[in-house]
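So for the sequence shown, the numbering used here puts the first residue at 29; every next one is plus one.
Don't be surprised by glycine CBs; every beta carbon is placed ideally from N, CA and C.
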Amino acid sequence: PNLDCGSCGFETCYELAREIVKGTRGVEDCVSLQPTTEVRIDGKLMPMNPFISGIVRNTILGMLSPLKGFKRGKVEISL
């Protein structure tokens with residue numbers, strides 16, 4: 029995704045991509061492609077590194093958790 033977050037152990041996404049092409053690593057090694065939080069704009073998944081994904085997730089849960097009837101689980105928001 030060209031985020032260069034380094035979570036996979038490589039400095040750049042390009043380096044991981046080279047290893048994927050060689051067959052020594054897989055797409056699943058990219059932490060940013062396996063987010064716990066998904067943001068889609070016009071149906072397109074927006075790539076986020078783990079730090080940003082955590083900020084988005086915790087901010088939304090922080091706003092929703094005081095609401096009556098809130099319970100943990102999958103949350104969907106449409107704008």
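- Under the Cβ criterion (8 angstroms, minimum of three pairs), the stretch 89-98 does not count as touching the stretch 56-66.
- Around the CB of MET74, fewer than 16 other CB atoms lie within 10 Å, so the residue is classed as exposed.
- LEU44 counts as buried, since no fewer than 16 other beta carbons sit within 10 angstroms of its beta carbon.
- The three-state secondary structure of ILE69, taken from DSSP, is strand.
- DSSP places SER106 in the coil class of the three-state scheme, outside both helix and strand.
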